[in-house]
Amino acid sequence: MANLDDFQQAILDAHNKLRSERGVPALAWATDIATTASNWAQNISEKGFLQNSDNQVLGENILMTTEDLDGDHVVLKWLQEENNYDYDNQKWQKGTSRFTQMIWKASTEFGVAKVPLRNKDGFVIVANYRPRGNGNRPGEYQKNVPSRSDDTV
Numbered sequence: 659m660a661n662l663d664d665f666q667q668a669i670l671d672a673h674n675k676l677r678s679e680r681g682v683p684a685l686a687w688a689t690d691i692a693t694t695a696s697n698w699a700q701n702i703s704e705k706g707f708l709q710n711s712d713n714q715v716l717g718e719n720i721l722m723t724t725e726d727l728d729g730d731h732v733v734l735k736w737l738q739e740e741n742n743y744d745y746d747n748q749k750w751q752k753g754t755s756r757f758t759q760m761i762w763k764a765s766t767e768f769g770v771a772k773v774p775l776r777n778k779d780g781f782v783i784v785a786n787y788r789p790r791g792n793g794n795r796p797g798e799y800q801k802n803v804p805s806r807s808d809d810t811v
């Protein structure tokens, strides 16, 4: 297994704790995905503004922050989106895609990078997931976004 830095290990562990609470298999670290995340984080750092990549293969969560957050706190920030998710109407919902990507059952691999912003204080964090989550075909959300109370795997 690759040598993960403290941030990478903490955010991977936080993802997998969240996923286990929902009966979803753990994410495995993928160095190639982390490299993709690092390249995009560097791009954002140099431009100085948040922008999603045009990658159609990997799922993507991005956070730009003035705080030096650890992995647990990044996951908690994205997890706040669960408050906006309607489990009775499982489909894509505005303002919830970072949360749903974290627990997307079909996503099995993960990589992340945290890069200092180039021209101002702060950091950009890019997390990528394979295969990409948040598919909008009929039934995708029911299969891939279990609530805490679901005990199916």
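In the working numbering, the protein residues as written are 659 to 811. Glycine included, each C-beta is placed from N, C-alpha and C at the ideal position. All figures in this text were calculated on a predicted structure; none of them were measured in a lab.
Using a Cβ-Cβ cut-off of 7 Å (strictly less than) and excluding sequence neighbours within five positions of residue i, which residues of its own chain qualify?
i    : result
Q847 : Residue 847 cannot be examined here, being either before or after the span of the chain that is shown, 659 to 811.
W698 : S711 and V784
Distance, Cα to Cα, residue i vs residue j?
i    : j    : result
N792 : K778 : 32 Å
A660 : R795 : 34 Å
D728 : Q800 : 31 Å
T689 : K772 : 14 Å
S711 : W762 : 19 Å
K705 : E725 : 19 Å
P804 : F757 : 12 Å
L716 : N674 : 18 Å
R680 : L662 : 25 Å
G797 : G753 : 20 Å
Q666 : I720 : 14 Å
V811 : N802 : Confidence at V811 is low in this model, with a pLDDT of 41, below 50, so its placement is unreliable and no value can be given for it.
I669 : K735 : 12 Å
Just to check my reading of the structure: residue i and residue j have Cβ atoms closer than 8 Å, yes? What is that Cβ distance to the nearest angstrom?
i    : j    : result
S765 : P789 : 6 Å
A686 : E767 : 5 Å
Among the residues of its own chain, which have a CB less than 6 Å from the CB of residue i, if the five just before and after it don't count?
i    : result
S703 : V773, L775, R776 and V782
M722 : L708 and V782
G769 : A688, I691, A692, A695 and N786
A672 : G729, D730 and V733
Based on the DSSP secondary-structure assignment, which residues constitute the bridge partners of residue i?
i    : result
N786 : E718 and G769
A686 : E767
P774 : F781
Grab me the residues of residue i's own chain with a C-beta within less than 8 Å of its C-beta, minus the 5 sequence neighbours each way, in chain order.
i    : result
L737 : L676, F757 and M760
G780 : M722, T723, T724, E725 and P774
S678 : A684
D809 : Annotation note: pLDDT 48 at D809 (below 50); position unreliable, coordinate value reported separately. Within the same chain, D809 has close Cβ partners G681.
* Segments of 4+ residues assigned as alpha helix (DSSP H) that fall wholly inside the region 688-760 -> Within the region 688-760, the complete alpha helix (DSSP H) segments at least 4 residues long are 689-705 and 729-737, listed from N- to C-terminus.
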